[in-house]
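In the numbering used here, the protein residues as written are -10 to 422.
Below is one structure; the comments refer to it alone.
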């Protein structure tokens, strides 16, 4: 939770709302306007962030502390995202896979499992390029969308390494394998249902292909190749850095050092085969800089008014944390609802002590299903928009650079996440929480 506890007026949410609107609308703008946005979006983002930062410095008690806290969170976020992007860009995987519906389902299922081992960001950066090459005969927008659903979000819901919100829970005292033991049923149900929906779409797409293209897709099987093997060790360094003692700056220094080593020693031929550039990272860095600052009022608005919401049931925390994780980065959303659940339970368990630290023992002892609801809601619903989780927008940027058509911000929501993903998330939440 932000260190600022002042009551935040609703109008301070306007810069964040405007930023979301620009992200949604500008890709659909006329060519001349879109070109200006592509060139000048850092200045617009900087202006919106400056408005919020100025308000916090002038009008909010401890506003400077809140901004410093947010800056530190953003720095950690960018170091993790950037280092994984750089290192994964030095790993070239060529799969001997057929672009048939069943083969694609198998690939996404493996990606969902891998996301729990190397994180959704690591899995996304390593696997998105092989996924695009594997389906190059008939790659479509929904291939990118379902990759984001499963590999960049839902897959990483079982371990603290899997997704940043769960790592925050681990730091607050949730045991490493606690969620894997209690969340495996909703995870399996959600992954299985989303894979089934994908299979239906992919089978229909495959059957509509001319026979010669069906044969090409079925017979398309590149030889197994793996380039940049040294980067696997650097990827393990990044994962190991997550578990270093919480010395300020230590994890970030290790991550940046590993990324620098990758950029320095990866053979140029591997980067060339991956069409690697820092363009997508630059775009994500600017976008999330604006999001981290402008969402401060939204998080503090929730913190000051959250207890009045009367959330007491796991499904309520699942839906509430999920709704905000759709449009806010899911890590701070998790932190806020975790704190709200702790305050709610402590208020009804005075003997346990409301100031208990870390908060997880109280929650796990008295309301473990609230922790499950916050955890799954924050991770699953991060797939609802491009900005719900860090890897989402980066996968879109990489796919776009590879020449793949990707839906706009609104198209992603109204064509895919609302009609296809949301019913699955609601069903699994209602039945299994």
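The C-beta atom is built at its ideal place from N, Cα and C for all residues, glycine as well.
Point to revise | Extent of the continuous alpha helix (DSSP H) run through residue 49 | key: The residue you call residue 49 lines up with position 60 of the chain shown. Counting along the chain, residue 49 falls outside any alpha helix (DSSP H), and DSSP gives it neither H nor E.
**Study point:** Three-state secondary structure assigned by DSSP to residue 414
**Key:** Residue mapping note: residue 414 aligns to position 425 of the chain shown, counting from 1. Three-state result, residue 414: helix.
Exercise for review: Taking 8 angstroms as the threshold, find out whether the stretch 66 to 84 comes into contact with the stretch 259 to 273 through three or more Cβ pairs.
Suggested key: The stretch 66 to 84 vs the stretch 259 to 273: in contact.
Check your understanding: Can you list the alpha helix (DSSP H) stretches of 4 or more residues lying completely in the stretch 272 to 320, in chain order?
Key -> 285 to 294, 303 to 316
Review point. In chain order, what residues of the same chain have a beta carbon less than 6 angstroms from the beta carbon of residue 417, not counting five sequence neighbours either side?
Key: Translated into the one-based positions of the chain shown, residue 417 becomes position 428. Only 175, 178, 179 meet the Cβ criterion.
Exercise for review: Identify, in the order they occur along the chain, each residue of the same chain with its Cβ nearer than 8 angstroms to the Cβ of residue 322, setting aside the five sequence neighbours on each side.
Suggested key: Position 333 of the chain shown, counted from the start, is the residue given in the question as residue 322. Closer than 8 angstroms at the Cβ level, and outside the excluded window around residue 322, lie 154, 288, 310, 313, 314, 367.
Check your understanding: Taking Cβ to Cβ, would you say residue 151 is nearer than 7 angstroms to residue 145?
Key -> Start at 1 with the first residue of the chain shown, and residue 151 comes out as number 162. Start at 1 with the first residue of the chain shown, and residue 145 comes out as number 156. Yes.
Review point. So, are the CB atoms of residue 56 and residue 63 less than 7 angstroms apart?
Key: Taking the first residue of the chain shown as 1, we reach residue 56 at position 67. Taking the first residue of the chain shown as 1, we reach residue 63 at position 74. No, they are not a contact pair.
Review point. Do the CB positions of residue 226 and residue 247 come within less than 7 angstroms of each other?
Key: As a working note, residue 226 is residue 237 in the chain shown. As a working note, residue 247 is residue 258 in the chain shown. In this structure, residue 247 lies closer than 7 angstroms to residue 226 by Cβ.
Check your understanding: Roughly how many whole angstroms lie between the Cα atoms of residue 389 and residue 395?
Key -> As a first step, residue 389 must be located in the chain shown, where it is residue number 400. As a first step, residue 395 must be located in the chain shown, where it is residue number 406. Near 7 angstroms, if we compare the C-alpha coordinates of residue 395 and residue 389.
Exercise for review: Can you give me the Cβ contacts of residue -9 inside the same chain, cut-off strictly under 6 angstroms, excluding the 5 residues immediately before and after it?
Suggested key: Residue numbering aside, residue -9 sits at position 2 when the chain shown is read from its first letter. Bear in mind that the predicted position of residue -9 carries a pLDDT of just 47, short of 50, making it unreliable; the figure below should be weighed with that in mind. Hits under 6 angstroms: 55, 288, 289.
Check your understanding: If you scan the stretch 51 to 130 from start to end, which runs of the beta strand (DSSP E) of 3 or more residues do you find wholly inside it?
Key -> Listed in chain order, the complete beta strand (DSSP E) runs (minimum 3 residues) inside the stretch 51 to 130 are 81 to 83.
**Study point:** 6 angstroms Cβ shell around residue 424 - same chain, five flanking residues per side excluded
**Key:** Given that the chain is displayed from residue -10 to residue 422, the structure contains no residue 424 and the question cannot be resolved.
Point to revise | Extent of the continuous alpha helix (DSSP H) run through residue 152 | key: Along the chain shown, one-based indexing puts residue 152 at 163. Run containing residue 152: none; DSSP gives neither H nor E here.
**Study point:** residue 119 versus residue 191 - alpha carbon distance
**Key:** Residue mapping note: residue 119 aligns to position 130 of the chain shown, counting from 1. Residue mapping note: residue 191 aligns to position 202 of the chain shown, counting from 1. Cα to Cα, the separation comes out at about 17 angstroms.
Point to revise | For residue 254, the three-state DSSP class (helix, strand or coil) | key: For the purposes of this step, residue 254 is taken as the residue at position 265 of the chain shown. Of the three classes helix, strand and coil, the one that applies to residue 254 here is helix, per DSSP.
Practice item. Sort out for me which residues DSSP pairs residue 215 with in a bridge. Key: Residue 215 sits at position 226 when you count from the first residue of the chain shown. Paired residue(s): 82.
Check your understanding: Could you give the distance in angstroms between the alpha-carbon of residue 110 and the alpha-carbon of residue 162?
Key -> Locating residue 110 in the chain shown gives position 121, where the first residue counts as 1. Locating residue 162 in the chain shown gives position 173, where the first residue counts as 1. Taking the straight line joining both Cα atoms gives about 23 angstroms.
Review point. Going along the chain, which residues of its own chain have a beta-carbon closer than 8 angstroms to the beta-carbon of residue 2, five neighbours each way excluded?
Key: For the purposes of this step, residue 2 is taken as residue 13 along the chain shown, with counting starting at 1. Excluding sequence neighbours, residue 2 sits near 286, 287, 290.
Point to revise | Local Cβ density within 10 Å of residue 38, reported as buried at 16 or more and exposed below that | key: What you label residue 38 is simply residue 49 of the chain shown in a count that begins at 1. Under this definition residue 38 is a buried residue.
Practice item. Assign residue 129 to one of two classes, buried (16 or more other C-beta atoms within 10 Å of its C-beta) or exposed (fewer than that). Key: Along the chain shown, one-based indexing puts residue 129 at 140. Looking at its Cβ environment, which holds fewer than 16 other Cβ atoms inside 10 Å, residue 129 is exposed.
Review point. Taking C-beta to C-beta, are residue 402 and residue 117 nearer than 7 angstroms?
Key: In the chain shown, residue 402 corresponds to position 413, counting from 1. In the chain shown, residue 117 corresponds to position 128, counting from 1. Not closer than 7 angstroms, so no.
Review point. With a CB to CB cut of under 7 angstroms and the five nearest residues on each side skipped, what residues in its chain are close to residue 169?
Key: Stepping through the chain shown from its first residue, residue 169 is reached at position 180. So the list reads 147, 148, once near-sequence residues are dropped.
Point to revise | Status (buried if at least 16 other CB within 10 Å, exposed otherwise) for residue 0 | key: Residue numbering aside, residue 0 sits at position 11 when the chain shown is read from its first letter. With fewer than 16 Cβ atoms within 10 Å of its Cβ, residue 0 is classed as exposed.
Exercise for review: Pick helix, strand or coil for residue 419, following the three-state DSSP scheme.
Suggested key: One-based indexing of the chain shown puts residue 419 at position 430. In the structure shown, residue 419 sits in a helix (DSSP, three-state: H, G or I).
Practice item. Could you give the DSSP three-state label for residue 374: helix, strand or coil? Key: Along the chain shown, one-based indexing puts residue 374 at 385. It is coil, neither helix nor strand.
Check your understanding: Just the Cα atoms here: how many angstroms apart are residue 22 and residue 11?
Key -> For this step, residue 22 is matched to residue 33 along the chain shown. For this step, residue 11 is matched to residue 22 along the chain shown. Each residue's alpha carbon lies about 12 angstroms from the other.
Check your understanding: Taking C-alpha atoms, which residue in 261, 328, 197 lies nearest to residue 293?
Key -> The residue you call residue 293 lines up with position 304 of the chain shown. Nearest C-alpha to residue 293: 328.
Practice item. Measure the alpha-carbon distance for residue 59 versus residue 281 and round it to whole angstroms. Key: The residue you call residue 59 lines up with position 70 of the chain shown. The residue you call residue 281 lines up with position 292 of the chain shown. In a straight line, the C-alpha of residue 59 is about 7 angstroms away from that of residue 281.
Point to revise | residue 100 versus residue 413 - alpha carbon distance | key: Here residue 100 is taken as the residue at index 111 of the chain shown, counted from 1. Here residue 413 is taken as the residue at index 424 of the chain shown, counted from 1. If you draw a straight line from the Cα of residue 100 to the Cα of residue 413, it comes to about 19 angstroms.
**Study point:** Euclidean distance between Cα positions of residue 415 and residue 422
**Key:** Taking the chain shown and counting its residues from 1, one reaches residue 415 at position 426. Taking the chain shown and counting its residues from 1, one reaches residue 422 at position 433. Cα to Cα, the separation comes out at about 10 angstroms.
Point to revise | Element boundaries [alpha helix (DSSP H), containing residue 265] | key: Locating residue 265 in the chain shown gives position 276, where the first residue counts as 1. Looking at the DSSP string, residue 265 is not in any alpha helix (DSSP H), and its letter there is neither H nor E.
Exercise for review: Give the straight-line distance between the Cα atoms of residue 136 and residue 318, rounded to the nearest whole angstrom.
Suggested key: Translated into positions along the chain shown, residue 136 becomes position 147. Translated into positions along the chain shown, residue 318 becomes position 329. Using only the alpha carbons, I get a separation of about 19 angstroms.
Review point. Do you know offhand how far residue 7's Cα is from residue 215's?
Key: Here residue 7 is taken as the residue at index 18 of the chain shown, counted from 1. Here residue 215 is taken as the residue at index 226 of the chain shown, counted from 1. So the two alpha carbons sit approximately 44 angstroms from each other.
Practice item. If I'm right that residue 75 touches residue 252 with Cβ under 8 angstroms, what's the distance once you round it to whole angstroms? Key: Against the chain shown, residue 75 aligns to sequence position 86. Against the chain shown, residue 252 aligns to sequence position 263. The pair is a contact, with the Cβ atoms about 6 angstroms apart (cut-off 8 angstroms).
Review point. Residue 299: which of 185, 330, 362 sits nearest, CA to CA?
Key: Taking the chain shown and counting its residues from 1, one reaches residue 299 at position 310. Closest by alpha carbon: 330.
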